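First up is the structure itself, then whatever we jot down about it.
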Amino acid sequence: MNLLPYLVTGWLFLAGLYGVVSSTNLIHTVVSLSVVQSATYVLLLTVGFRTGGTAPVFADIPLGTAVVDPLVQALASTDVVVGATVSALLLSLAIQVHKRSGTLNPDELRSLSG
Amino acid sequence: MSRRGRLAVFSVAGLGLAVLLVAAFLDARPFGTAFHPLGDASVRASLLERATANTVASITFDQRGLDTMGEEFILFAAVLGAAVLLRRDREEREAAAPDERREGRGQVGHMPEVIRLAGYLVLPFVVVVGIYVVAHGHLTPGGGFQGGVILATGLHLVYLAGDYPALRWLQTNRIFEVSEAAGAAGYVLLGLAGLAATGAFLYNVMPYGQLGQLASAGTVPLLNAAVGIEVGSGVVLLLAEFLEQTLVLREPGGNRRAGAGG
């Protein structure tokens, strides 16, 4: 099944997007955004996979062993860090919204108020 | 827009996106292919030229170290942003003195002594694992980012063991603000050392040594250490902001914020 990992990526992306669109709680929105982002992890690792390849760490395997692509793994680790920081910032914003307006439901946030 | 209207728009757009994604996937590179020219070149560069057993670390800190500096400063900026967003309002005040807080926690739920003991027993092991993961980042999976998070988690075992005042003392004494800035500055200074020695920013200025040795991979272990300090301190500061919101601050009315568990 060659296409399955790619389809999982697309499904995760759309499921997370549905969560963002249908959200009635800003915390839930942030978590849904994390689901969207996890699609990018799966996509990166899918692109870098090599059948029969092992982890690209030559601590206990002989040189010349077939390994998966380390480049996308480095990108995925960057992705994880950025994802965590974005979540932290958005959650701080959610706390501020709750302080100012008393609600976390985006539908009840009708107007901008200083 | 109403909820129903929003979902209707999304179902059309989502369906279109799904069709386009599947069309793109049908044409994507096959899963599990052996054709990775850039990845193979990176593996060769890190093993043969840079004596770095963990090829991912070589890419992150040596072959594309400038990107990682940007990544590190994203984290730095996010911690700063969270601190600004969660700063104390003029009307907010501290909930209580530490003594009173200790009583309050007793009302919410008693902390069994065995959990308290387990927290303190596990703490040194977690800190050692964190330092190990940072120090061996160029040899085995791990590195500054991963080890830094483990170190920060270890410190929060103090909180889980029920001693929030001790953790708060650590947080409010500016230790971590200084160490976070020092970690971020250390990365830039190592980059400037490369600039001064060779004319290229972040160029590896140390001898590469023997593949697989603890002292190998040139500046990668040093950059890992700088990132580990920065990430560990950053996560501590970030969690401090969130913990302060629920545990320390009170709303103007004097009530503890709703949802605060203690």
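For the record, the sequence lines run as chains A and B.
Counting along the first sequence from 1, when you hit position 40 you're at 40 in our numbering, and nothing is skipped either side.
Counting along the second sequence from 1, when you hit position 214 you're at 214 in our numbering, and nothing is skipped either side.
Glycine is no exception: its CB is placed at the ideal position from the N, C-alpha and C atoms.
Just so it is clear, the structure is predicted and the values come from calculations on it, not from any experiment.
query, result
"Separation of residue 150 of chain B from residue 95 of chain A, as counted between CA atoms", "26 angstroms"
"Partner residues on chain B for residue 106 of chain A, Cβ-Cβ distance less than 8 angstroms", "Result: empty, since nearest Cβ-Cβ is about 10 angstroms, beyond 8 angstroms."
"Buried or exposed (CB count within 10 angstroms, at least 16 for buried), residue 37 of chain B", "exposed"
"Pick from A/71, A/72 and A/57 that is closest to residue 65 of chain A, judged by C-alpha positions", "A/57"
"Interface residues of chain B facing residue 22 of chain A [CB-CB closer than 9 angstroms]", "3, 6, 7 and 10"
"Closer than 7 angstroms to chain A by CB, residue 30 of chain B", "yes"
"Contacts around residue 109 of chain A, its chain only, beta-carbon distance under 8 angstroms, and the 5 residues preceding and following it disregarded", "97, 101 and 103"
"At least 3 beta-carbon pairs within less than 8 angstroms: the stretch 151-171 of chain B vs the stretch 37-49 of chain B", "no"
"Residue 61 of chain B beta carbon less than 7 angstroms from that of residue 68 of chain B", "yes"
"Selected residue, minimal CA-CA separation from residue 106 of chain A, among A/12, A/27 and A/39", "A/27"
"Reduced DSSP secondary structure (H/G/I, E/B, other) of residue 174 of chain B", "coil"
"Continuous alpha helix (DSSP H) stretch holding residue 80 of chain A: start and end", "70-101"
"Three-state secondary structure assigned by DSSP to residue 54 of chain A", "strand"
"Residues of the stretch 62-87 of chain A with Cβ closer than 7 angstroms to any Cβ of chain D, in chain order", "Reference to chain D is not applicable here, since the protein chains of this structure are A and B."
"Inter-residue Cα distance where the pair is residue 41 of chain A and residue 157 of chain B", "29 angstroms"
"CA-to-CA distance, residue 18 of chain A to residue 44 of chain A, given in whole angstroms", "22 angstroms"
"Contacts of residue 73 of chain B in chain A (Cβ-Cβ under 8 angstroms)", "None at all; the shortest Cβ gap to chain A is about 10 angstroms."
"Beta carbon proximity, residue 89 of chain A to chain B, threshold 7 angstroms", "yes"
"Chain A contact for residue 261 of chain B (CB, 7 angstroms cutoff)", "Because the pLDDT at residue 261 of chain B is just 38, under 50, the model does not fix this residue reliably, and the value given afterwards should be weighed accordingly. So no, residue 261 of chain B is outside the interface."
"CB contact below 7 angstroms: residue 226 of chain B versus chain A", "no"
"Under 7 angstroms by beta carbon: chain B residues contacting residue 35 of chain A", "In chain order: nothing, as chain B lies at least about 14 angstroms away."
"Stretch pair the stretch 1-14 of chain B + the stretch 3-19 of chain A: three plus CB contacts closer than 8 angstroms", "yes"
"Coarse secondary structure for residue 64 of chain A, derived from DSSP in three states", "coil"
"Rounded C-alpha distance that separates residue 82 of chain B from residue 167 of chain B", "19 angstroms"
"Under 7 angstroms from the C-beta of residue 78 of chain B: neighbouring residues of chain A", "85, 88 and 89"
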